[in-house]
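Colleague: I have a structure here, written as structure tokens, and I will follow up with some questions on it.
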Amino acid sequence: MVNLSKVLLKLSDKLKPFLIRILPIAFLRKVKQLIIDSSYKRIDRLQIEPFNKEKYVDGINLIGNIRAEIGLGQSCRLLANELEASNIDFIVLNYVQVSALHMNDHTWDNKLAAEAKYNINIIHINPYELGLAYLQLDKCTWDFRYNIAFWLWELEEFPDEWTSCLPYLDEIWTPSEFASNSIRKKTDKPVITIPYYITVPTEEKYNREYFKLPEEKFLYLIMYDSGSTIERKNPLGAIEAYKIAYPVENENVGLIIKINNMQKMDLDIIKDKTKEYKNVYFITDIMQKIQVNSLIKCADVLISLHRAEGFGLVLAEAMLLGTPTIATNWSSNTEFMTEENSCLVDYSLVTIEKDCGIYKAGYRWANPDLKEASKFMLKLFEQEEYYHMIKQAAQEHIAVILGAKQAVEKIEERIQTILLQ
19 MVNLSKVLLK LSDKLKPFLI RILPIAFLRK VKQLIIDSSY KRIDRLQIEP FNKEKYVDGI
79 NLIGNIRAEI GLGQSCRLLA NELEASNIDF IVLNYVQVSA LHMNDHTWDN KLAAEAKYNI
139 NIIHINPYEL GLAYLQLDKC TWDFRYNIAF WLWELEEFPD EWTSCLPYLD EIWTPSEFAS
199 NSIRKKTDKP VITIPYYITV PTEEKYNREY FKLPEEKFLY LIMYDSGSTI ERKNPLGAIE
259 AYKIAYPVEN ENVGLIIKIN NMQKMDLDII KDKTKEYKNV YFITDIMQKI QVNSLIKCAD
319 VLISLHRAEG FGLVLAEAML LGTPTIATNW SSNTEFMTEE NSCLVDYSLV TIEKDCGIYK
379 AGYRWANPDL KEASKFMLKL FEQEEYYHMI KQAAQEHIAV ILGAKQAVEK IEERIQTILL
439 Q
């Protein structure tokens, strides 16, 4: 049965580019959820062997979709950055999500291995897909190893339906205390916050001319991935705030809307919201990470009026690049954003009224104040001194709290504790 599941999963992965053209994404997600739910029932029969540190040599097997050109893939690559900067030996097992489409980042190909080598696993796979990973990878990948999940979660409450995988883990890591606190409510296993080590390489050739953007305008940037729910990322709120700031088009400003993994329905909705403005620039190409960083650097301001964030990676990257940020003052991003280095937008907490993908009715998230966001947009455009104060403070802050030293020390200390137990 397990072998049949592996075959079906691999087949569905190969057929996905075709399936998404003929079947609704919502339907495919429901089918995938049924497979995930049944996977945990089969894991119970596998009897994963408990940790024995003498069975394998000391080191880390980093398991995740490290080639994926989405936020989850970048998060996995950031973990690899931290391990590379440490004194810990590691290899990478590239686990391909069933939902992954673009997998062309080869930064860490030199670390790829065919099988697990070390006695600790760091499993960078979403909790709702962990059951699939256990079935797709050989049982020996999990047996006798210390299994650490690295998760991101955006809301105050961790879903009960995801706790099914907790018995198969020894520990959970997250990049924020907000996410850690959510998970701690559901388990007495160690939940450790490990900060990211942020790097933002760019290239001068990826400039405004390259992206077909006007040189002379003050440009705001909204970034959105159709793989995330449009309700949580809330690009429509950011667009509305822009329209409040500029009810009549100002020829000196413009709005860049970068959509990753574009779905036509999302694009149609967003285009309809901006149809009365000429100075709106849509970018829907899949880009290498260095191109994305360069695009952020080309913009004058990054806007994220999210309803919730599990970390807020693009915000931290923009800050380090020197692009001032406007963001909702709630959830994980507030752990590195302050009123001195960012434009934090007030909000009210609201109950989710209907299911939005994995975000279920009854949970809470933020409703940002669009009028306040619009005032920040104008302030950054009109007050040059304030603009440069925010820019400098952000760069200095992120370089320290999300630099190599903090992350590496925390990982090395935790791994040493595990190996000494």
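Each step along the sequence shown adds one to the number in my numbering, with nothing skipped, and position 256 is 274.
Ideal placement from N, C-alpha and C gives every residue a C-beta, glycine not left out.
Computed from a prediction, not measured in an experiment: that's the story for all the values here.
Examine the Cβ distances between the segment 354–369 and the segment 405–417 and report whether three or more of them are shorter than 8 Å.
Modeller: yes
Colleague: So, is Asp206 buried or exposed, given that buried needs 16 or more other C-beta atoms within 10 angstroms?
Modeller: exposed
Colleague: To the nearest angstrom, how far is it from the Cα of Asp156 to the Cα of Lys289?
Modeller: Those two C-alpha atoms are separated by around 46 Å.
Colleague: With a floor of 4 residues, list each alpha helix (DSSP H) that falls wholly inside the segment 191–218, ordered by position along the chain.
Modeller: Listed in chain order, the complete alpha helix (DSSP H) runs (minimum 4 residues) inside the segment 191–218 are 195–202.
Colleague: Between which two residues does the alpha helix (DSSP H) harbouring Ala167 extend?
Modeller: No alpha helix (DSSP H) contains Ala167, which is instead part of the beta strand (DSSP E) from 164–168.
Colleague: Whose CA, out of Glu371, Lys307, Ala326, lies closest to the CA of Gly89?
Modeller: Among Glu371, Lys307, Ala326, the Cα nearest to that of Gly89 is on Lys307.
Colleague: Check whether the Cβ of Arg250 sits closer than 7 Å to any heavy atom of the ligand ATP, and report yes or no.
Modeller: The model depicted lacks the ligand ATP and carries no ligand whatsoever.
Colleague: Leaving out the 5 sequence neighbours to the left and right, which residues in its chain are closer than 6 Å to Ile240 when beta-carbon positions are compared?
Modeller: Within the same chain, Cβ atoms closer than 6 Å to the Cβ of Ile240 are found at Pro253, Ala256, Ile275, Ile321, the five residues on either side in sequence being excluded.
Colleague: What would DSSP say about Gly89, mapped onto helix, strand or coil?
Modeller: In this structure, Gly89 counts as helix in the three-state DSSP scheme.
Colleague: Could you tell me which of Ala384, Ile370, Phe229, Ile140 sits nearest to Leu101, measuring between CA atoms?
Modeller: Ranked by Cα distance from Leu101, the options Ala384, Ile370, Phe229, Ile140 are led by Ile140.
Colleague: Do Phe399 and Val271 have their C-beta atoms closer together than 8 Å?
Modeller: yes
Colleague: Are Gly328 and Ala345 closer than 8 Å when you measure CB to CB?
Modeller: no
Colleague: Any contact between the segment 281–296 and the segment 185–201? By contact I mean 3 or more CB pairs, one from each, below 8 Å.
Modeller: no
Colleague: Distance check for Asn268 and Lys261, CA to CA, integer angstroms please.
Modeller: 10 Å
Colleague: Would you identify the three-state DSSP class for Phe108, choosing helix, strand or coil?
Modeller: The answer is strand: DSSP assigns Phe108 an E or B state.
Colleague: Got a sec? Which residues, its chain only, sit under 7 Å from Glu464 by beta carbon, not counting five neighbours each side?
Modeller: Look at the range of the chain in this structure, 19 to 439, and you will see that residue 464 is not part of it.
Colleague: Residues in the same chain with beta-carbon distance under 7 Å from Glu427, minus the five sequence neighbours each way, listed in chain order, please.
Modeller: Contacts found: none.
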